[in-house]
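K.L.:
With the numbering used here as the guide, the letters of the sequence shown map in order to residues 625 to 1438.
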Amino acid sequence: MSFAGSSYINIDGGARNEVYGNQINITHGSGRDSLMEVTAQPIAADDILKSLAALAAINATRDAEERFPPPNCHPGTRVKVLTQLGRWIEEQSAVTTRIHWVHGSAGVGKSAIAQKISEDHGRYLVATFFFSRNDSTRDKLDRFVATIAYQCCTSEALRDVVGPHIIEAIRSDPHIFLTSSENQFRKLILEPFSKVPQHIVPNLIVIDGLDECVDIPSQGRLIRIVDDAIAFPTPHPFTFLLCSRPEPHILSSINRASFGWCLERIPISYETTRDLDRLSDSDRDIQKYFTDQFRRLRDEHPALRHEESWPNENDVLTLVYRASGQFIFAVTVVKYVDTPDELPQDRLDTILNANLSAAGTPDSPYSELDLLYRQILSNCRKWEKVYPLLRLLVTPDPASIAFQGISLAHVSWHSPLILSKLLKYRTGEVETLLSGLHSVLQIPDDIGWDIHIPHASLTEFLQDKNRSGDYYVPRFSRVECCDLVATLLVNTSTSFIPLYPLYCSSSQSSFDIAFTNWKGHLKERNSLERFSVIWSRFCIEIDSPSTGLLEELDLFDPYTAAAMFMSTDRSDYEWHVHWLGTWIECVTWAKSLRGPQPLKFIKRMESFFQGFYVGFSKDIPRHIAIWRTFLLEYADVTSRSDPLLYKIFQVHLIEVIRAYFRQWWSEPALRNSLGPFFPLVLPAASKFPDDWAVAHITEGNRELMQRIYDIYNKSLLSTSRWIFNRDVIDDTTHSVNRGLIKQADLLQFKAILYQRRRLFAMLDDGSRRNSNPGLTALVIVPDIEAPEIPPPPPARQALGETPHFPEEVYNNLP
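1. Buried or exposed for R880, going by 16 or more other Cβ atoms inside 10 Å?
2. Please go through the segment 1199-1259 and give each complete alpha helix (DSSP H) segment of 4 or more residues, from N-terminal end onward.
3. Applying the 10 Å Cβ sphere with the 16-neighbour rule, what's the burial state of T715?
4. Quick one: complete alpha helix (DSSP H) runs, 4+ long, within the segment 657-710?
5. For the putative contact between I1244 and T1184, defined by C-beta atoms under 8 Å, what is the C-beta separation to the nearest angstrom?
6. Less than 8 Å between the beta carbons of V769 and V820, yes or no?
7. Whose C-beta lies closer than 8 Å to the C-beta of Q922 among residues of the same chain, with five residues either side of it excluded?
8. Residues in its own chain within less than 8 Å of R845 by CB, not counting five upstream and five downstream?
9. In whole angstroms, give me the CA-to-CA distance for E690 and V1352.
10. By how many angstroms is the C-alpha of Y1095 removed from the C-alpha of R998?
11. Based on DSSP bridge pairs, tell me the residues matched to P891.
12. Which whole-angstrom value describes the C-beta separation of S1359 and F1373, a residue pair presumed to lie in contact below a C-beta threshold of 8 Å?
13. So what does DSSP say about V1520, is it helix, strand or coil?
14. Looking only at C-alpha atoms, which of V1010, K1271, S948, I1158 sits nearest to G728?
15. Would you check if the distance between the CB atom of H698 and the CB atom of K912 is smaller than 8 Å?
16. Relative to the alpha-carbon of K1045, which residue among V1064, L976, L1016, S1024 has its alpha-carbon at the smallest distance?
17. Pick from A1319, W1251, T942: whose alpha carbon is nearest that of W1288?
18. For T858 versus Q775, is the C-beta spacing smaller than 8 Å?
19. With hydrogens ignored, establish whether the beta-carbon of G733 is closer than 7 Å to any heavy atom of the ligand SAH.
20. Here's the rule I'm using: 16 or more other beta-carbon atoms within 10 Å means buried, otherwise exposed. How should E836 be labelled?
21. Under DSSP, the alpha helix (DSSP H) around D1069 begins and ends at which residues?
22. Please state whether DSSP places D907 in a helix, a strand or coil.
23. Assuming L1043 and L1086 are in contact, meaning their beta carbons sit under 8 Å apart, how far apart are those beta carbons, in whole angstroms?
24. How would you label E1257, buried or exposed, when you count the other beta carbons within 10 angstroms and need 16 or more for buried?
25. Reducing DSSP to helix, strand and coil, say where G645 ends up.
26. What does the alpha-carbon distance come out to for the pair F1225 and P798?
27. Taking all protein chains shown into account, decide if K1227 is buried (16 or more other Cβ within 10 angstroms of its Cβ) or exposed.
28. Can you grab the Cα-Cα spacing for the pair N683 / F755, in whole Å?
29. When you compare the CB positions of V958 and I975, do they come within less than 8 Å of one another, or not?
30. What distance in whole Å lies between the Cβ atoms of C1210 and I1164, which are believed to be in contact at a cut-off of 8 Å?
31. For the pair the segment 1118-1133 and the segment 1174-1191, tell me if three or more CB-CB distances fall below 8 Å.
32. Could you check whether the segment 727-744 touches the segment 705-715, counting it as contact only if at least three pairs of C-beta atoms, one from each stretch, sit closer than 8 Å?
33. Would you grab the beta carbon distance between V961 and L972 for me? Rounded to a whole angstrom, and I think it's under 8 Å.
34. In whole angstroms, what separates the C-alpha of G1144 from that of T761?
35. Here's the rule I'm using: 16 or more other beta-carbon atoms within 10 Å means buried, otherwise exposed. How should L1223 be labelled?
36. Ignore the nearest five residues each way along the sequence and tell me which others in T897's own chain have a CB closer than 7 Å to its CB.
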């Protein structure tokens, strides 16, 4: 399956609408997605803002929940740097400097400075962007402009002044986020700000961790964006606070930029000596931090109540020296010592007595930090189980790594809950295994929230074999991620089998209970459960699937899984059916495996695709039931088609179906079916209730839809497609005469429409439904258990009503 031009697919929140006419189609996707598609009405500002929020990297803002608690300067430290920057911000009109570049090695406190400045000088702040290589939502440039624009549209100082100009710029170019970041910044930031008076708006943009943008060329591009902003002819002069490591390529880009005349560099040095009279400012800040934190420990820890002189001054100075100006070293030491599991004195002695020469990296620029990390990791009692956990934690997003562009938004891949599922650990085992790493990991109280690696230095240490040695922790490869994610998604789908009414009820009363429970479970599905349908996309990327994945596939039940994604609201349904086509690819993949094959899976899936029945309860609007059956029948088309051509095909198919069933597409019906249709699935017993409509979805019908699609694929003239549509409505054969379609195919399609008219006549016409969304009740059953639907005798009717079909068309119906 290919998605031409759609390499970014954001699963949770994407636009997946059944289209019954002109409408706004907002896309909540990646920062490289189009914000919206073709519309026929003016786009509301609130809709644009919601879409902008979906494109923004909220985790990159100064007050993001994912960054809490953010790094910050310890009281009384970094006074010189903070004073210098504060004076520059407050007295901007009197200085020519428009950019400050704070640079230093890993862990010296650059992010803390950026956070402190953004908090203390908020009234001058336009926006912030904190890059992090440990967070896939803010490790690239693609979300940068959307994030800045979103903050401008929501901040108290800017939303009424600049916000309308940004909204209007997006409205005038709905595809702005498909253009370059440079163009986005010019159109959405520079030009809107140029339209407002300088004195009434803030002007400071804080960008931290530029070196943590994983795409190195993008780091240079961001510097050029800043360069363009400085040179832009506007009465509103932006100022920038940039914080990063002095990487050679960053230094080179800054040196080549034309903003050198208004740039000031602030190095955060880690140089130090043992001479107490020559401690640097960084050393003195770290000394104060240690002194304050050890005082706090003596006051709070029961084992230190009588240790008034602990630790002694020489021990503190030793730690200051070993920190080499890196605040992350000091923070990690304090966290390591502060534990109820062991005596703080013993833990501090372990650090002080660590032998650097035995560690094997005395020449590393971070030798003391590396030694500290190794010492902490050595306390892990079950390294063989901690190791795969750390591998997952240093892999930003297993789903996006496995298949570029797919991101299960709102699935917390690094949460104890998901980690335990991925690695098949017991409940609570993840937290227990990682409890000894509290000083280097941020472990939440809620098992559904992500575990974070607070500082990039640990990730770098783990992934550098020369530095970490026996504690080397590489990321999971793309194939490994595919296997892990596929196994999890198949298992998630399979977990619903015991709840399916088809398998857990033997009488009407037991069915009623099972039915209610099934409805409740589907209504409460989380993101992982809702989108477990995409498991097939990951499977087909694997050459040698793991034993675990093969076992899960052999347990997979297509009837339960199909009922799950068919019983959903209208915005999700079509998108879910889109993935049904990839199931066919997955069967081909399974049969092509050179090693062990999931034989039960193959047999079960082949039987499924030969045909199945879908049951609709009486209260479902007719047009909803009809459209969903056709979606199922051209599901395979969606997996192989060009996206643009598929949309054309879909629009024309909707037109012909609406025209044929025009009285069922009445305004009352459409007006009362705009809400979600919560799932309500009947069991596949030997007999359906009398008031249920049962549609037969066959392999032959799906093949027919592919041949009809070929009309659109081969003939680009709209007149040819119009001829086919009129043949269906008027009961003519002009498309056959012109060689566009075979007569048998045209007759078969007409016969299907006629059968659906008879079949769904019993359902709700939509006029009886109140404003509350109704229930979509669906059931997937094997062919052998569904009733036959005998064809009616043909009869000539007026145009637009039931067309006439020759008698022979019924003889070969699938």
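C-beta: ideal position from N, C-alpha, C; glycine also.
Just so we're clear, the structure is a prediction, and the values are computed from it rather than from any experiment.
P.N.:
Reading from the atomic positions:
1. With fewer than 16 other Cβ atoms within 10 Å, it is exposed.
2. 1204-1216, 1223-1234, 1246-1257
3. One point to set straight first is that residue 715 is Glu, not Thr, in the sequence displayed. Flag for E715 reads exposed.
4. As far as the segment 657-710 is concerned, its whole alpha helix (DSSP H) runs of at least 4 residues are 669-679.
5. Actually they do not touch by this definition, with Cβ atoms about 20 Å apart.
6. Against a cut-off of 8 Å, the Cβ pair of V820 and V769 comes out as no contact.
7. Checking the sequence shown, residue 922 turns out to be Arg, not Gln. L928, R929, E931, E932, W934, listed in sequence order.
8. L765, S805, E806
9. 55 Å
10. 7 Å
11. H727
12. With a Cβ gap of about 11 Å, S1359 and F1373 do not count as contacting.
13. As shown, the chain starts at 625 and ends at 1438. That puts residue 1520 outside it, with no answer to give.
14. For G728, the closest C-alpha among the options V1010, K1271, S948, I1158 is that of S948.
15. yes
16. Scanning V1064, L976, L1016, S1024 for the CA closest to the CA of K1045 turns up L1016.
17. W1251
18. no
19. This structure simply doesn't include the ligand SAH, nor any ligand for that matter.
20. buried
21. D1069 -> no alpha helix (DSSP H), and no H or E assigned at all.
22. helix
23. That pair is no contact at about 16 Å.
24. buried
25. In this prediction, G645 scores a pLDDT of 31, lower than 50, which makes its location untrustworthy; the coordinate-derived value is nonetheless stated afterwards. G645 falls in the coil class under three-state DSSP.
26. 44 Å
27. exposed
28. If you draw a straight line from the Cα of N683 to the Cα of F755, it is about 9 Å long.
29. no
30. 6 Å
31. Cβ pair count under 8 Å is three or more, so yes.
32. yes
33. 5 Å
34. Between the alpha carbons of G1144 and T761 lies a gap of roughly 32 Å.
35. exposed
36. Unreliable placement is indicated for T897, whose pLDDT of 38 sits below 50; no coordinate value is reported for it.
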